[in-house]
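From first to last, the protein sequence lines are chains A and B. If you're matching positions, the first sequence starts at 130 in the numbering used here and goes up one per residue. If you're matching positions, the second sequence starts at 130 in the numbering used here and goes up one per residue. Here is the structure we will look at, set down as structure tokens.
Number of protein chains: 2
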Amino acid sequence: MTTATSTAGNAWLKKVRWDENGLVPVIAQEAASGDVLMFAWMNRDALARTVELGEAVYWSRSRKKLWHKGEESGHIQKVLEIRLDCDEDVVLLKIEQAGSIACHTGRHSCFFQKFEGDDWKSVDPVLQDPKTIYTKPKKTT
Amino acid sequence: MTTATSTAGNAWLKKVRWDENGLVPVIAQEAASGDVLMFAWMNRDALARTVELGEAVYWSRSRKKLWHKGEESGHIQKVLEIRLDCDEDVVLLKIEQAGSIACHTGRHSCFFQKFEGDDWKSVDPVLQDPKTIYTKPKKTT
Numbered sequence: 130m131t132t133a134t135s136t137a138g139n140a141w142l143k144k145v146r147w148d149e150n151g152l153v154p155v156i157a158q159e160a161a162s163g164d165v166l167m168f169a170w171m172n173r174d175a176l177a178r179t180v181e182l183g184e185a186v187y188w189s190r191s192r193k194k195l196w197h198k199g200e201e202s203g204h205i206q207k208v209l210e211i212r213l214d215c216d217e218d219v220v221l222l223k224i225e226q227a228g229s230i231a232c233h234t235g236r237h238s239c240f241f242q243k244f245e246g247d248d249w250k251s252v253d254p255v256l257q258d259p260k261t262i263y264t265k266p267k268k269t270t
Numbered sequence: 130m131t132t133a134t135s136t137a138g139n140a141w142l143k144k145v146r147w148d149e150n151g152l153v154p155v156i157a158q159e160a161a162s163g164d165v166l167m168f169a170w171m172n173r174d175a176l177a178r179t180v181e182l183g184e185a186v187y188w189s190r191s192r193k194k195l196w197h198k199g200e201e202s203g204h205i206q207k208v209l210e211i212r213l214d215c216d217e218d219v220v221l222l223k224i225e226q227a228g229s230i231a232c233h234t235g236r237h238s239c240f241f242q243k244f245e246g247d248d249w250k251s252v253d254p255v256l257q258d259p260k261t262i263y264t265k266p267k268k269t270t
């Protein structure tokens with residue numbers, strides 16, 4: 130994990146109660162619709178970079194590196210507002226979702242499985258074939 | 130941590146990817162307003178009990194026991210819908226919040242600190258003095 134040496138002096142970053150792995154859970158909510166689109170994690174660098182860029186940058190726990198959301202798919206998340214909870218250990222982003230697709234399955238939201246009866250049912254449509262999402266040229270702007 | 134022996138046979142519970150501590154992160158969103166009210170954790174028993182009761186039951190990591198939200202404050206969360214994300218490791222509850230207060234500080238939402246300038250500012254009003262929230266008799270219904 131990288132160390133946020135350049136941001137270590139920032140009081141606002143220190144106010145966040147990072148967990149034992151130096152991470153904080155992050156909820157991404159579409160500002161206009163109120164839809165909860167995804168859930169991910171940030172480390173100090175990711176949160177500092179998010180503020181700097183005005184776009185969501187997460188920490189990928191599987192790839193162990195910063196993940197500028199949309200860097201491959203173009204499905205950037207423009208950050209309109211950042212909130213911290215009462216315990217200072219959860220972050221809420223209010224965002225604009227490029228392409229209206231946050232999920233790697235090609236759906237609007239990652240939360241497309243609804244509990245019905247006694248099982249989880251996929252209830253939201255696939256807006257774009259996921260095979261075509263990650264074959265596009267990287268967003269360069 | 131308790132073991133969900135009574136619910137171990139339920140395929141829908143097994144579909145959830147519980148973390149190394151047997152927990153899953155849970156986002157509680159007010160169904161009517163779309164407001165994200167809080168973030169907590171559940172174990173298998175908590176999720177099974179939530180489905181059974183139709184009210185949010187979390188796992189308190191600090192108290193290491195099931196926490197029927199509102200059991201002391203009366204600020205019960207009626208669960209209208211339960212969703213699971215694409216990786217099956219995050220749960221989203223759509224709820225009705227009793228008393229319109231989810232936060233132990235007496236605010237509507239736990240996410241009342243907004244990043245402005247270079248710091249977190251409390252921007253949402255306290256709706257009820259927290260001192261009075263936990264002195265009421267326990268909800269008995």
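Virtual Cβ for every residue (Gly too), placed ideally from N, Cα, C. Computed from a predicted structure; not experimentally measured.
Here's a check: name, in chain order, each residue in its chain whose Cβ is nearer than 7 Å to the Cβ of residue i, leaving out the five neighbours to either side.
i: L152/B; result: W170, M171, N172, W188
i: Q257/B; result: I230, G235
i: P129/A; result: Shown here, chain A extends from 130 to 270; a query on residue 129/A therefore has no answer.
i: V252/A; result: F241, K243
i: E159/A; result: L166, I224, Q226
In this structure, what does DSSP give as the bridge partners for residue i?
i: L195/A; result: W188/A
i: E245/A; result: D248/A
i: L256/A; result: Note: L256/A sits in no beta bridge, so no partner.
i: V220/A; result: V155/A, L213/A
What residues of chain A sit near residue i, judged by a beta carbon separation below 9 Å?
i: W249/B; result: W141, K144, V145, I211, R212, L213, E217
i: P259/B; result: Neighbours of P259/B on chain A: none; closest Cβ ~10 Å, over 9 Å.
Where does the unbroken beta strand (DSSP E) through residue i begin, and where does it stop?
i: R212/A; result: 206-213
i: P154/A; result: 153-159
So which residues of chain A does residue i contact, with C-beta pairs closer than 8 Å?
i: L182/B; result: Ordered by position in chain A, no residue passes the 8 Å Cβ test against L182/B, which lies about 14 Å from the chain.
Which stretch, first to last residue, makes up the alpha helix (DSSP H) that contains residue i?
i: L166/A; result: First-last for L166/A: 165-171, but that is the beta strand (DSSP E), not the alpha helix (DSSP H).
i: I230/B; result: That residue, I230/B, is in no alpha helix (DSSP H); it is neither H nor E in DSSP.
i: A140/B; result: 140-144
So with CB distances below 9 Å, who are the chain B contacts of residue i?
i: K193/A; result: Going along chain B, no residue has its Cβ under 9 Å from K193/A, so there is no contact; the nearest lies around 17 Å.
Going along chain A in order, which residues have a C-beta closer than 7 Å to the C-beta of residue i?
i: G163/B; result: G163
i: Q242/B; result: R212, L213
i: L221/B; result: V165, F240
Nearest chain C C-beta to residue i closer than 8 Å, yes or no?
i: P154/B; result: Absent here is chain C; the protein component of the structure consists of chains A and B.
Taking Cβ-Cβ distances shorter than 7 Å, what residues in chain B pair up with residue i?
i: H233/A; result: C215
i: Q158/A; result: V165
Give a single yes or no on whether residue i has its beta carbon closer than 7 Å to a heavy atom of the ligand GTP.
i: L209/B; result: Looking for the ligand GTP in the displayed structure turns up nothing, as the structure carries no ligands at all.
Tell me which residues share the same chain as residue i and place their Cβ nearer than 6 Å to its Cβ, disregarding the 5 neighbours each side in the sequence.
i: M167/B; result: A157, A231, C239
i: A175/B; result: V186, Y187, W188, L195
i: D247/A; result: none
i: V219/B; result: P154
i: T131/A; result: Unreliable positioning characterises T131/A in this predicted model, as indicated by a pLDDT of 43, which lies under 50. A coordinate reading is not provided.
i: P254/A; result: none
Suppose the cutoff is 8 Å on Cβ atoms and the five residues either side in sequence are ignored; what does the same chain contact list for residue i look like?
i: N139/B; result: A177
i: H204/A; result: K198, Q226, A227, G228, I230, A231, I262
i: A133/A; result: Below a pLDDT of 50, predicted positions are generally treated as unreliable, and A133/A, at 45, falls in that range; the measurement from the model is reported next regardless. Closer than 8 Å at Cβ, skipping near neighbours: L142, N172, R173, D174, A177.
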